[in-house]
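Per the numbering used here, residue 2 is the first one in the sequence shown, and the count goes up by one each step.
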Amino acid sequence: MKVTRQMLHEDLQPAGVYWPAHILRYFNRNKWSMKITTALLSRMIRSEAPESISIEERFLPTGDGEAEIRVKIYRPASQSGELPAMLYTHGGGYVTGSPDVFDGLLAKFIERRPCVIVAPAYRNALVKPYPAALDDCYGTLLWMRENAGELGIDARRFMIAGHSAGGGLTAAVTLKARDTKDVKIAFQMPLYPMIDDRQPTDPARYIDTPGWDTKANAFGWGSYLKDLHRRNAEIPAYAAPARNTDYSGFPPTITFVGEYEPFYWETVEYVDRLKAAGIDVAFKVYERCIHGPEMNASPDSPLGRDGIAFTYDNYADFYDKYVVQ
């Protein structure tokens, strides 16, 4: 389905919103242009944290011993005492991105409800394919648990959140935590998550749209699963969480998705399966919207305000219900 400018939500049609997303799509399709994608995304969505938020960096060894990854730790500058903790996994189609772009976004979580957020700069698929990103994120979660006292966090339960591919990693980390019982997840926020590697055969599901489209999606998944494809190996649910069939014991979930994006159908199905398992889910479809509606729209537009409100209002609600006990 080709999505024209006129089909989009009115807050996505202004030239300053539409054209950057339209141009971005052409740089999302191969490894040579991903530096341009990174620069464009940084310009489009980067936000700074206020002085009320303290940010520090540390370096953690990877589980395979091949590298160190940088992690950013966000907390209230005036923190005193133990706080709940969140693992945040950034987006970027599994092939790009960094937590640095999301400083302001993460600060808003802390401003709404106090917590400590740890965001790993995990190895993307162009550095090392699956399972590196998942291992880096899950390893960071275990590091948080093991160093809870020094970090000033409550290790009894954790929140996990992420956008796009980071939403996919959120879902994967949550699934692994459910299976291993290494840590308890209070709730997860896989926002417009990238969770299904199976590319559409139905033309109606082939999304030709500004921003992240089906061609970009195929490139991202092909890069992330390259080693598995090379070996003709089965794709596990930890790599593509939509392949999971058992949703019992999952934590409460917050998510939303745009109507005109490749992740629409997989997100709807994911939510339906969670609800069928009796899981508390806050979910919304943003009609006539592309991938990342609240990040593409002006934050002062009705769409931008609504997406921001949905994210942080539901975060505060679930925090009060499932974290403060």
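The beta carbon of each residue, even a glycine, is placed where N, CA and C say it ideally should be.
Since this is a predicted model, take the numbers as computed values, not measurements.
- By the Cβ-count criterion, asparagine 315 is buried, with 16 or more other Cβ atoms from all chains shown falling within 10 Å of its own Cβ.
- The residue among Val286, Gly305 and Arg289 with its C-alpha nearest the C-alpha of glutamate 295 is Gly305.
- In this structure, the alpha-carbon of lysine 109 lies about 10 angstroms from that of isoleucine 54.
- Put simply, the backbone Cα of lysine 185 is about 15 angstroms away from that of phenylalanine 319.
- If you draw a straight line from the Cα of leucine 275 to the Cα of valine 282, it is about 7 angstroms long.
- Note on proline 204: under 16 other CB atoms within 10 angstroms of its CB, so exposed under the neighbour-count rule.
- Within the segment 261 to 292, the complete beta strand (DSSP E) segments at least 3 residues long are 282 to 287, listed from N- to C-terminus.
- A direct Cα-Cα distance of roughly 20 angstroms separates alanine 22 from glycine 168.
- Taking every protein chain shown into account, the CB of serine 224 has 16 or more other CB atoms within 10 angstroms, so this residue is buried.
- In the DSSP assignment, the residues bridged to alanine 120 are Lys73.
- Using a Cβ-Cβ distance cut-off of 8 angstroms, the segment 185 to 201 and the segment 118 to 135 are not in contact, since fewer than three pairs of beta carbons, one from each stretch, lie closer than that value.
- Non-local C-beta neighbours of aspartate 214 in its own chain, meaning closer than 6 angstroms and more than five positions away in sequence, comprise Arg26 and Ile208, ordered along the chain.
- Here isoleucine 154 is bridged, per DSSP, to Leu84.
- Pairing valine 324 with lysine 3, the inter-Cα distance amounts to about 43 angstroms.
- Glycine 150 and tyrosine 261 have their alpha carbons spaced roughly 44 angstroms apart.
- A Cβ-Cβ separation of about 25 angstroms leaves alanine 241 out of contact with methionine 145 under the 8 angstroms criterion.
- Note: lysine 3 is bridge-paired with Asp209 in the DSSP secondary-structure output.
- With contacts defined by Cβ atoms closer than 7 angstroms, leucine 170 and cysteine 138 form a contacting pair.
- Across the structure, tyrosine 287 and glycine 94 are spaced so that their CA atoms are roughly 20 angstroms apart.
- Phenylalanine 103 sits in a helix when the DSSP states are folded into three classes.
- Secondary structure at leucine 192: strand, using DSSP grouped into helix, strand and coil.
- DSSP places arginine 199 outside any alpha helix (DSSP H), giving it a letter other than H or E.
- Around the beta-carbon of glutamate 267, 16 or more other beta-carbon atoms lie within 10 Å, marking it buried.
- Taking all protein chains shown into account, arginine 179 has 16 or more neighbouring C-beta atoms within 10 Å of its C-beta and is therefore buried.
- Under DSSP, the beta-bridge partners assigned to alanine 162 are Tyr89 and Met190.
- CA-CA distance, methionine 8 to lysine 32, rounds to 30 angstroms.
- Around the Cβ of aspartate 198, a 10 Å sphere holds 16 or more other Cβ atoms; the residue is buried.
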